[in-house]
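For what it's worth, my numbering labels the leading residue of the sequence shown as 105, then goes sequentially.
Just so you know, even glycine gets a beta-carbon here, dropped at the ideal spot from N, CA and C.
It should be emphasised that the depicted structure is a prediction, and the values quoted were computed from it without experimental measurement.
One structure is given below, encoded as structure tokens.
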Amino acid sequence: MAADAQDTPSQTQKPKTKSVAARITRVLASVPFASVVVALIAMACIVGTLLPQGQQVQQYLTAHPEREGLMSALDFAGLTHVFSALWFVGLLLMLAASLAVCSFKRYAAAMRLHGRPRSRAFGSLITHISMLLVLCGGVVRVVWGERGQLGFREGETAETFIVENRSVPLPFKIRLVKFTTEHHKVAGTESVTQEEEELLHVRIKNEENVWSIPVMEGASHALTAEDATPSAKNTYQVTILNRLPDFVINGGHATSRSDELNNPALRVQVIHNATTNIQWIFALHPGFNMHATSNQIPVEMIYTTEAPAPQSEQPVKDWKSTLEILDNDVVVKEKTIEVNAPLSYKGYTFYQSGYNPNDPKWTSLQVVRDPGVPLVYTGFLFLIVGLTMVFYLYPHGRHER
Numbered sequence: 105m106a107a108d109a110q111d112t113p114s115q116t117q118k119p120k121t122k123s124v125a126a127r128i129t130r131v132l133a134s135v136p137f138a139s140v141v142v143a144l145i146a147m148a149c150i151v152g153t154l155l156p157q158g159q160q161v162q163q164y165l166t167a168h169p170e171r172e173g174l175m176s177a178l179d180f181a182g183l184t185h186v187f188s189a190l191w192f193v194g195l196l197l198m199l200a201a202s203l204a205v206c207s208f209k210r211y212a213a214a215m216r217l218h219g220r221p222r223s224r225a226f227g228s229l230i231t232h233i234s235m236l237l238v239l240c241g242g243v244v245r246v247v248w249g250e251r252g253q254l255g256f257r258e259g260e261t262a263e264t265f266i267v268e269n270r271s272v273p274l275p276f277k278i279r280l281v282k283f284t285t286e287h288h289k290v291a292g293t294e295s296v297t298q299e300e301e302e303l304l305h306v307r308i309k310n311e312e313n314v315w316s317i318p319v320m321e322g323a324s325h326a327l328t329a330e331d332a333t334p335s336a337k338n339t340y341q342v343t344i345l346n347r348l349p350d351f352v353i354n355g356g357h358a359t360s361r362s363d364e365l366n367n368p369a370l371r372v373q374v375i376h377n378a379t380t381n382i383q384w385i386f387a388l389h390p391g392f393n394m395h396a397t398s399n400q401i402p403v404e405m406i407y408t409t410e411a412p413a414p415q416s417e418q419p420v421k422d423w424k425s426t427l428e429i430l431d432n433d434v435v436v437k438e439k440t441i442e443v444n445a446p447l448s449y450k451g452y453t454f455y456q457s458g459y460n461p462n463d464p465k466w467t468s469l470q471v472v473r474d475p476g477v478p479l480v481y482t483g484f485l486f487l488i489v490g491l492t493m494v495f496y497l498y499p500h501g502r503h504e505r
């Protein structure tokens with residue numbers, strides 16, 4: 105009886121406790137855990153939308169300096185840079201881990217049940233993988249992505265851009281060839297560009313054709329009547345050799361005293377039928393031509409300048425920047441960008457950002473490097489394939505044994 109009363113080792117042995125990995129796996133695979141994580145991510149996105157983020161904080165403090173203490177507390181909590189905060193990245197990683205565990209368990213269950221993966225189960229797996237790729241792309245963007253600003257003037261070349269008050273080098277150079285600000289006319293008619301504020305009007309004597317040329321130093325234009333076939337006899341090659349906003353003769357040489365349009369002058373070359381004429385023309389003295397090398401070409405030229413209307417009367421319609429990419433000091437790409445039409449090269453994208461109303465030749469660009477984009481696009485592709493398999497090719501597992 106004593107022997108019977110004594111428990112056997114199998115009866116006294118306690119069941120083995122689950123390993124830490126098994127417990128973590130069980131938590132990650134649970135619906136409540138995933139629901140909580142999704143809810144926290146949604147709340148974080150709402151906070152990031154309602155509160156000033158990044159560079160908006162400084163603008164907000166400029167308008168509300170009395171709330172500096174509040175913004176400092178929010179910044180310490182990571183609520184002024186939600187989408188780049190480590191806790192937000194952690195939430196994305198937890199959701200990705202939950203999706204990965206659920207996908208693996210679902211696929212493994214299908215393997216145990218049928219001995220091979222069914223097409224519908226495989227489509228479900230692809231759908232889960234697509235969401236993982238999109239989440240991983242978001243994490244890569246937050247951790248390794250960069251977003252900053254770049255400002256320069258016409259003719260300048262930049263090798264760095266600014267990200268949160270620090271200079272970040274570019275693996276190539278970018279040059280601003282030309283910047284144009286396009287305005288609306290006060291009356292609401294056709295738009296007027298920056299070039300139209302400074303024009304060279306060319307007219308052939310005894311003819312009705314008049315050409316209005318934007319003033320750009322070094323620009324050359326071949327002028328022919330609209331109803332005529334271009335030839336050496338009826339084509340006039342007009343080139344603006346020099347532009348001086350404040351013309352003066354200093355030491356026998358033409359120069360400019362300032363950048364203001366106090367005495368604007370152009371040195372223009374006209375070539376027609378093997379004859380060349382070079383002369384200075386003046387906006388304030390339209391009847392005075394200086395240093396003409398030839399008067400045999402029947403051309404009349406008038407140089408006009410118009411001061412831009414005040415900003416309140418002439419609102420901005422668009423900005424356009426002609427950019428060149430220099431890789432190893434060689435121009436490898438050129439494009440004129442505007443709002444919503446950026447330039448991309450080697451993973452960097454340049455967006456037209458802003459301008460300086462007091463400096464018409466200066467512009468700012470937003471520079472974005474997002475290495476997570478390929479992952480996100482691949483995730484969208486997988487999502488389309490997975491959903492097509494689940495809902496259209498194999499609904500309810502039909503045509504499968």
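Self-check item: Burial state of Gly194, where buried means 16 or more other Cβ atoms lie within 10 Å
Solution: exposed
Practice problem: For the beta strand (DSSP E) holding Ala358, just list the boundary residues, first then last. | Solution: His357 to Ser360
Quiz prompt | Same chain, Cβ closer than 7 Å to Glu250, neighbours up to 5 away in sequence not counted | solution = Val267, Val272 and Arg473
Quiz prompt | Lys309 versus Val142, Ala329, Val403 and Val140, residue with shortest Cα-Cα distance | solution = Val403
Self-check item: Backbone CA spacing between Ala329 and Trp315 [nearest angstrom]
Solution: 9 Å
Quiz item: What are the start and end residues of each continuous beta strand (DSSP E) run of 3 or more residues lying completely inside the region 414-488, in chain order?
Solution: 420-431, 434-442, 447-449, 452-460 and 463-473
Quiz item: To which residues does DSSP link Tyr211 through a beta bridge?
Solution: In DSSP, Tyr211 forms no bridge with anything.
Quiz prompt | Test item: CB-CB of Tyr452 and Thr285 under 8 Å | solution = no
Practice problem: Report yes or no: do three or more beta-carbon pairs, one from the region 245-263 and one from the region 488-499, lie closer than 8 Å? | Solution: no
Quiz prompt | 8 Å CB neighbourhood of Trp423 in its chain, flanking five on each side removed | solution = Phe283, Thr284, Thr285, Glu286, Glu442, Val443, Gln456, Gly458, Tyr459 and Thr467
Quiz item: Roughly how many whole angstroms lie between the Cα atoms of Ser295 and Val135?
Solution: Interpretation of Ser295 is limited by its pLDDT of 46, a score under 50 that renders its predicted location unreliable; the figure taken from the coordinates is listed afterwards. Spanning the two alpha carbons is a distance of roughly 58 Å.
Quiz item: With DSSP run on the structure shown, which of helix, strand or coil describes Gln400?
Solution: coil
Quiz item: If we ignore side chains and look at the alpha-carbon of each, how far apart do Thr166 and Thr129 end up?
Solution: 49 Å
Quiz item: Helix or strand or just coil, what does DSSP make of Val267?
Solution: strand
Exercise. Determine the direct distance from the alpha carbon of Pro464 to that of Gln415, and round the result to whole angstroms.
Key: With a pLDDT of 48 at Gln415, under the threshold of 50, the predicted position of this residue should be treated as unreliable, though the coordinate-derived value follows. Going from the Cα of Gln415 to the Cα of Pro464 covers about 12 Å.
Quiz item: Exposed or buried, which one is Pro368 when buried takes at least 16 other CB atoms within 10 Å?
Solution: buried
Quiz item: Under 8 Å, do Leu280 and Glu302 count as touching if we go by C-beta distance?
Solution: no
Quiz prompt | Check whether Gln400 and Ile375 have beta carbons under 8 Å apart | solution = no
Quiz item: Rounded to whole angstroms, how far is the Cβ of Ser207 from the Cβ of Leu132, which I believe are closer than 8 Å?
Solution: Not really, about 11 Å apart at Cβ, beyond 8 Å.
Practice problem: Answer yes if the region 143-152 comes into contact with the region 171-188, meaning at least three C-beta pairs across the two stretches below 8 Å, and no otherwise. | Solution: yes
Exercise. State the DSSP-derived secondary structure class of Phe351, mapped to helix, strand or coil.
Key: strand
Exercise. Measure how close the beta-carbons of Ala326 and Thr339 come, nearest whole angstrom, since I'm counting them as under 8 Å.
Key: 6 Å
Exercise. Drop a sphere of 10 angstroms on the beta-carbon of Trp191, count the other beta-carbons inside from all chains shown, and report buried for 16 or more, exposed for fewer.
Key: exposed
Quiz item: Which of the three DSSP states, helix, strand or coil, is assigned to Phe495?
Solution: helix
Quiz prompt | Residues bridged to Phe187 [DSSP beta-bridge criterion] | solution = For Phe187, which the question treats as bridged, DSSP gives no partner whatsoever.
Quiz item: Any idea what DSSP makes of Ala329, helix, strand or coil?
Solution: coil
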